[in-house]
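Data block below; observations after.
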Amino acid sequence: MKLVHFGENTCARIRRYMDSYINNELLVETNHEVLRHLEACPACAAEVESRTRIKARLKSAVQNQSVPEDLQERLQAVLREDSRRSIAWTRWVSAAAAVLVVAAGLWFELPRWTRPALPDLADRRGQDAFIRKASASLSAVLKVGLGDHIHCAIFRKYPKNPPSVEEMAQKLGPAYQELVPLVKARVPEGYRIILAHQCGFQGRRFVHLTLTNGSSLLSLVITRRQPGESMQALPVSDHASGVPVYQAAAQNYDVAGFETDQFLAYVISDLGAQQNLQIAYALAPSVHQFLAAVRS
Amino acid sequence: MKRQQFEDAALPHLNDLYRTATRLLADSTKADDVVQDVFLQAWKSFDRFEVGTNCRAWLYKILFHVVNHHRRKWFNVRMVKESEEILDQVAASPEPIAENLTDAEILSALDRVPQDFRAVVLLVDVDEFSYKEASGILSVPIGTVMSRLSRGRKLLREQLEETAQSYGIGKGKLEGRTA
Chain P
1 MKLVHFGENT CARIRRYMDS YINNELLVET NHEVLRHLEA CPACAAEVES RTRIKARLKS
61 AVQNQSVPED LQERLQAVLR EDSRRSIAWT RWVSAAAAVL VVAAGLWFEL PRWTRPALPD
121 LADRRGQDAF IRKASASLSA VLKVGLGDHI HCAIFRKYPK NPPSVEEMAQ KLGPAYQELV
181 PLVKARVPEG YRIILAHQCG FQGRRFVHLT LTNGSSLLSL VITRRQPGES MQALPVSDHA
241 SGVPVYQAAA QNYDVAGFET DQFLAYVISD LGAQQNLQIA YALAPSVHQF LAAVRS
Chain E
297 MKRQQFEDAA LPHLNDLYRT ATRLLADSTK ADDVVQDVFL QAWKSFDRFE VGTNCRAWLY
357 KILFHVVNHH RRKWFNVRMV KESEEILDQV AASPEPIAEN LTDAEILSAL DRVPQDFRAV
417 VLLVDVDEFS YKEASGILSV PIGTVMSRLS RGRKLLREQL EETAQSYGIG KGKLEGRTA
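Going down the list, the sequences are from chains P and E. Read in order, the letters of the first sequence are residues 1 to 296 in our numbering. Read in order, the letters of the second sequence are residues 297 to 475 in our numbering.
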């Protein structure tokens, strides 16, 4: 056998690579260099063999350690318990959230629930008192519209099957019948007209359309202006295509109003200020244009 | 359903984690607690685990977090500083060592290697993680993994040699001892 003598520097360098060589973490070129050296250097080869054997023995010794037989079972019990608690917690949070939602709903709905019971249809004095109380906070010009809405839309018992749009248009008369399709086309989806007629209340004549979305009532109430009546003194909520729209709240109702030279028009509902105003904005320009064209 | 997915992915590694934890802590009772903590933490954060990635490496990373947390609580030691100080005392190159020691003697020798070095030796030599994986698990650079592995192995050889010498027998006389 031919002995090859390496300088200490070569062996020292190779031994620096030895750990990575054993773990197969060397680059291919370096790995080849180490292999070539090990083939020719018995001392380094013996060192690699020794280290590799220790590594294997260490692995074997650690892996021979016993693991408690019930470890997995205990762990699964812990996980099951944590899952159960987590589900219980989630359910509790969901229940708490539901309670909060109901509480919040009650908070907002409470005024509707606590509003005074409606007077009987035959009780005129009771109805007048109800309307006076409901509209007490409004300016006189807005009271006009709310009064007719309550009188006509709230106290009324609606038939289960309302008349057809054509029938309602006919009831309105030739001067106003075009309001029915005009309104129908501009209210949000889900609203339907359940009443369109001309009515009288406290000595005034009104054109009155009532709509419902299934849970709330909304009125478009129109009446001729009387001398001195104007909404211009009220704060303007906004302009709908140049038409000033005014809005105020009274008890459970929101009253949005706009006017022409001859008419006062109101959009009234218990939908909430924002939604009521949005519908008023949608109706105001075309209704304003329509009324401006109505001959006196 | 989700717990079943977790158990399918994680439980196959339970025994390896337990054994590594036992050697890291040199205490099987503490290892038991630690491993339960590891799996509970892994279970709670399983939503963040990306299915298809290396579940084993992920569990080991949690293991080292938990072990370090427990060690600070149990031992209040300055881990890296302590390790470096000990290293300075054993910097001399060891003599060739005996190989036919028992498992208990080998584990005892391993337990005397400072924890930082022992951790890398366990991850790379026992659990067969690559340098890159070990680097990720321990949150240290690959260069640190390499240097700690080299030093850890050297320290282990030193400890094994001491064990052999404590029997008053040389390398040749250890032949024939059973593991």
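Glycine included, every Cβ here is placed at the ideal spot set by N, Cα and C. As the structure is a prediction and not an experimental result, all values here were calculated from the model.
| query | result |
| --- | --- |
| Just reading off the alpha helix (DSSP H) that P/H32 is part of, what are its end residues? | 28-40 |
| Give the residues from the segment 304-330 of chain E that approach chain P closer than 9 Å (Cβ to any Cβ), ordered along the chain. | L307, L310, N311, D312, Y314, R315, T316, T318, R319, S324, D328 |
| What separation, rounded to the nearest whole angstrom, lies between the Cα atoms of P/D261 and P/F130? | 31 Å |
| Applying a beta-carbon distance threshold of less than 7 Å, which residues of chain P neighbour E/D399? | A61, N64 |
| Here's the rule: buried if 16 or more other CB atoms are within 10 angstroms of the residue's CB, otherwise exposed. What is P/R74? | exposed |
| Where E/V277 and E/A322 are concerned, what is the direct C-alpha to C-alpha distance, given to the nearest angstrom? | This structure cannot speak to residue 277 of chain E, because chain E is shown only from 297 to 475. |
| Does the distance from the CB of E/Y427 to the CB of E/V409 come in under 8 Å? | no |
| Which residues of chain E have a Cβ atom closer than 9 Å to the Cβ of P/P68, listed in chain order? | Y314, S324, D328 |
| Do the segment 212-224 of chain P and the segment 258-273 of chain P touch if we need at least three Cβ pairs shorter than 8 Å? | yes |
| Terminal residues of the continuous beta strand (DSSP E) containing P/L209? | 204-212 |
| Per DSSP, which one or two residues make a beta bridge with P/F263? | P/R224 |
| What do you reckon, is the C-beta of E/E424 under 7 Å from a heavy atom of the ligand MG? | Ligands displayed in this structure: none; no statement on the ligand MG is therefore possible. |
| Assign E/T325 to one of two classes, buried (16 or more other C-beta atoms within 10 Å of its C-beta) or exposed (fewer than that). | exposed |
| For chain E, check one thing: does any of its Cβ atoms lie closer than 8 Å to the Cβ of P/L71? | yes |
| Is P/E33 close to chain E, meaning its C-beta is less than 8 Å from at least one C-beta of that chain? | no |
| Out of P/N9, P/A293, P/R16, which has the shortest C-alpha to C-alpha gap to E/K450? | P/R16 |
| Taking the beta carbon of E/V417 as the centre, do at least 16 other beta carbons fall within 10 Å, making it buried, or is it exposed? | buried |
| Given that E/Y463 touches chain P, what residues does it touch there, using C-beta distances under 8 Å? | Going along chain P, no residue has its Cβ under 8 Å from E/Y463, so there is no contact; the nearest lies around 17 Å. |
| So is E/D421 in contact with chain P if we call contact Cβ pairs under 8 Å? | yes |
| Helix, strand or coil for E/V436? Go by DSSP, reduced to three states. | coil |
| Can you give me the C-alpha to C-alpha distance between P/I14 and P/E47, rounded to a whole angstrom? | 11 Å |
| Using DSSP with H/G/I as helix, E/B as strand and the rest coil, what is E/D399? | helix |
| With 7 Å as the C-beta to C-beta threshold (strictly closer), list the residues of the segment 15-41 of chain P near chain E in chain order. | D19, S20, N23, E25 |
| So E/Y427 contacts chain P; which residues on that side make the cut at Cβ distance below 9 Å? | S20, N23, E25 |
| Does the beta carbon of P/R13 come closer than 8 Å to any beta carbon on chain E? | no |
| Please list the partners that E/L406 has in chain P, where partner means a Cβ-to-Cβ separation under 9 Å. | L58, A61, V62 |
| Cβ of P/R51 less than 8 Å from any chain E Cβ? | yes |
| Taking only the alpha-carbon atoms, compute the straight-line gap between P/K143 and P/A136 and give it to the nearest angstrom. | 8 Å |
| I want to see whether chain P comes within less than 8 Å of E/I402, judged by CB atoms only; does it? | yes |
| Figure out for me which residue from P/E39, P/L38, P/R84, P/K59 has the closest Cα to the Cα of E/R299. | P/R84 |
| Output the distance between the C-alpha atoms of P/L325 and P/V141, rounded to the nearest integer angstrom. | Any answer about residue 325 of chain P is impossible in this case: the structure gives chain P only from 1 up to 296. |
| Inspect the CB distances between the segment 248-256 of chain P and the segment 300-313 of chain E and report whether three or more fall short of 8 Å. | no |
| For the beta strand (DSSP E) holding P/R186, just list the boundary residues, first then last. | Careful: P/R186 lies outside any beta strand (DSSP E), inside the alpha helix (DSSP H) at 179-186. |
| Would P/L234 and P/S139 qualify as a contact pair, given that the criterion is a beta-carbon distance under 8 Å? | yes |
| Looking at C-alpha atoms only, which residue of P/G145, P/G147, P/H239 is the closest neighbour of P/A284? | P/H239 |
| Would you decide whether E/H309 is buried or exposed? Buried here means 16 or more other CB atoms lie within 10 Å of its CB. | buried |
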